[in-house]
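Chemist: In the UniProt record's numbering, the protein residues as written are 1 to 330. Note that the Cβ used here is the ideal one computed from N, Cα and C, for glycine as well.
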Amino acid sequence: MVLTPGTVLVIFAIVIAIILIGILLTFVPVMLWISALAAGVKIGIFTLVGMRLRRVIPSRVINPLIKARKAGIEVGINQLESHYLAGGNVDRVVNALIAAHRANIELSFERCAAIDLAGRNVLEAVQMSVNPKVIETPFIPGVAMNGIEVKAKARITVRANIERLVGGAGEETVIARVGEGIVSTIGSSDSHKKILETPDLISQTVLTKGLDAGTAFEILSIDIADVDVGKNIGAELQTEQAEADKKIAQAKAEERRARAVATEQEMKARVQEMRAKVVEAEAEVPLAMAQALREGNIGVMDYLNLKNIESDTEMRGSIGKMTDDKKNEK
Numbered sequence: 001m002v003l004t005p006g007t008v009l010v011i012f013a014i015v016i017a018i019i020l021i022g023i024l025l026t027f028v029p030v031m032l033w034i035s036a037l038a039a040g041v042k043i044g045i046f047t048l049v050g051m052r053l054r055r056v057i058p059s060r061v062i063n064p065l066i067k068a069r070k071a072g073i074e075v076g077i078n079q080l081e082s083h084y085l086a087g088g089n090v091d092r093v094v095n096a097l098i099a100a101h102r103a104n105i106e107l108s109f110e111r112c113a114a115i116d117l118a119g120r121n122v123l124e125a126v127q128m129s130v131n132p133k134v135i136e137t138p139f140i141p142g143v144a145m146n147g148i149e150v151k152a153k154a155r156i157t158v159r160a161n162i163e164r165l166v167g168g169a170g171e172e173t174v175i176a177r178v179g180e181g182i183v184s185t186i187g188s189s190d191s192h193k194k195i196l197e198t199p200d201l202i203s204q205t206v207l208t209k210g211l212d213a214g215t216a217f218e219i220l221s222i223d224i225a226d227v228d229v230g231k232n233i234g235a236e237l238q239t240e241q242a243e244a245d246k247k248i249a250q251a252k253a254e255e256r257r258a259r260a261v262a263t264e265q266e267m268k269a270r271v272q273e274m275r276a277k278v279v280e281a282e283a284e285v286p287l288a289m290a291q292a293l294r295e296g297n298i299g300v301m302d303y304l305n306l307k308n309i310e311s312d313t314e315m316r317g318s319i320g321k322m323t324d325d326k327k328n329e330k
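1) Going by the beta-carbon positions, is the gap between phenylalanine 217 and valine 178 smaller than 7 Å?
2) Just to confirm the assignment, what range does the beta strand (DSSP E) spanning leucine 237 have?
3) Identify whether leucine 107 lies in helix, strand or coil by the three-state DSSP scheme.
4) Taking DSSP's pairing of strands, which residues face aspartate 228 in a bridge?
5) What do you get for alanine 86, buried or exposed, if any count of 16 or more other CB atoms within 10 angstroms of its CB means buried?
6) Near leucine 65, which residues of its chain fall below 7 Å by C-beta distance, leaving aside the five closest residues on each side in sequence?
7) Candidates Ala100, Glu149, Met145 and Ile195: which alpha carbon is nearest isoleucine 162's?
8) Closest by CA to glutamine 60, which one among Gly72, Ala36, Gly296 and Ile309?
9) Smallest Cα separation from valine 158: which of Met128, Leu9 and Gly168?
10) Mind listing, in chain order, the continuous alpha helix (DSSP H) runs of no fewer than 4 residues lying wholly within the region 46 to 97?
11) Using DSSP bridges, identify the partner residues of alanine 169.
12) From this set, Lys153, Asn63 and Gly167, which residue's C-alpha is nearest glycine 119's C-alpha?
13) Using only the alpha-carbon positions, how far apart do leucine 165 and glycine 147 sit?
14) Who pairs with alanine 114 in a beta bridge, going by DSSP?
15) Is the region 248 to 263 touching the region 212 to 230, taking contact as three or more C-beta pairs under 8 Å?
16) With burial defined as no fewer than 16 other Cβ atoms inside 10 Å of the residue's Cβ, what is the status of proline 58: buried or exposed?
17) In angstroms, rounded to a whole number, what distance separates the CA positions of serine 318 and isoleucine 309?
18) From Pro132, Val130, Asn131 and Ala152, pick the residue whose C-alpha is nearest to that of phenylalanine 139; which is it?
19) Tell me the DSSP secondary structure of aspartate 223 in three-state form.
20) Using the Cα positions of threonine 210 and lysine 194, report the straight-line distance between them to the nearest angstrom.
21) Could you tell me the alpha carbon to alpha carbon distance between glutamate 7 and alanine 13, rounded to whole angstroms?
22) Starting from the C-beta of valine 134, find all residues in its chain whose C-beta is less than 6 Å away, skip the five residues before and the five after it, and write them out in chain order.
23) Please state if the CB of leucine 107 and the CB of isoleucine 73 are separated by a distance shorter than 7 Å.
24) Leaving aside the five residues before and after alanine 160 along the sequence, list all residues of the same chain whose C-beta is less than 7 Å from its C-beta, in chain order.
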């Protein structure tokens with residue numbers, strides 16, 4: 001088959017036309033425009049082209065718009081597009097508006113968009129407003145006045161407060177406040193038996209404190225799920241205090257003993273010093289006797305009489321010592 005120049009030109013024109021149509025359909029979402037018209041949402045084809053130029057994916061805006069109009073919610077295309085450009089989740093916002101509308105919850109698009117941009121799941125919040133959520137705390141220990149530890153676990157039923165979702169505290173704050181209320185209630189109880197007998201005393205006391213103030217939730221109820229008795233903290237503290245007092249007393253006794261030992265050693269040293277002085281004084285006696293003899297203060301007979309007296313004294317001392325030894329042997 002021989003192609004004439006006219007045939008080649010026609011084929012080339014057809015190919016070019018197909019390429020142009022493909023580019024046009026890619027840049028201009030014609031099928032999306034047709035779907036919007038079929039759903040009763042009037043959107044100009046140039047509006048979709050403008051979205052492309054503004055780097056907006058048209059389906060991310062048009063499909064939620066169709067969904068909202070079908071649900072009877074009046075939302076402008078400019079509002080959805082601006083929320084998309086701000087980094088929000090348009091589909092989730094529209095779903096939240098539909099859920100709030102079905103549940104007769106007053107929720108405007110501006111507030112819904114603000115909640116979504118704040119990083120909270122607005123659809124989950126609306127669902128939680130309809131179906132409250134149960135938050136379970138871990139075992140929270142407290143010590144009663146009698147020193148017995150009591151552990152309590154609570155289940156907190158909360159409902160989302162849409163008015164306080166922006167800027168309101170989360171679940172962690174609610175759990176922390178409930179834990180603080182449980183600890184203070186147990187601590188103000190005279191005995192742990194009172195808590196075991198009436199565990200609802202904890203929930204009643206905690207509920208009156210208004211723990212949901214400043215949070216994104218409204219506390220509907222606080223139920224005590226489990227109560228356990230822990231350690232005898234008071235007895236352990238007394239034991240530890242007694243052990244500490246014992247160590248302090250031992251340290252003080254050791255200090256007194258060391259002081260007594262030092263004093264004893266000091267007295268022994270002083271005794272030795274006195275003995276040395278006595279020996280020194282006794283050594284001066286012969287010198288004094290010799291000096292007296294030289295100076296004529298005493299005679300030779302006087303000196304001999306003194307020696308006889310000393311000898312007699314030593315003899316009497318020896319006889320007395322022998323007598324004492326015999327008595328001890330008996």
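Modeler: So, from the listed chains and residues:
1) no
2) Under the DSSP assignment, leucine 237 falls outside any beta strand (DSSP E), being part of the alpha helix (DSSP H) whose first and last residues are 233 to 295.
3) coil
4) Lys151
5) exposed
6) Val41, Val75, Ile77 and Leu80
7) Nearest of Ala100, Glu149, Met145 and Ile195 to isoleucine 162, Cα basis: Ala100.
8) Strictly speaking, residue 60 in this sequence is arginine, with glutamine absent from that position. Among Gly72, Ala36, Gly296 and Ile309, the Cα nearest to that of arginine 60 is on Ala36.
9) It is Met128 whose Cα lies nearest to the Cα of valine 158.
10) 58 to 70 and 77 to 85
11) Thr215
12) Gly167
13) 41 Å
14) BP columns for alanine 114 are empty, so no partner.
15) no
16) buried
17) 14 Å
18) Ala152
19) strand
20) For the record, residue 210 in the displayed sequence is glycine; it is not threonine. Taking the straight line joining both Cα atoms gives about 24 Å.
21) First, the residue type needs correcting, since residue 7 is threonine and not glutamate in the sequence shown. One Cα belongs to threonine 7, the other to alanine 13, and the distance between them is close to 10 Å.
22) Arg155 and Thr157
23) no
24) Ala125, Met128, Ser129, Ala216 and Phe217
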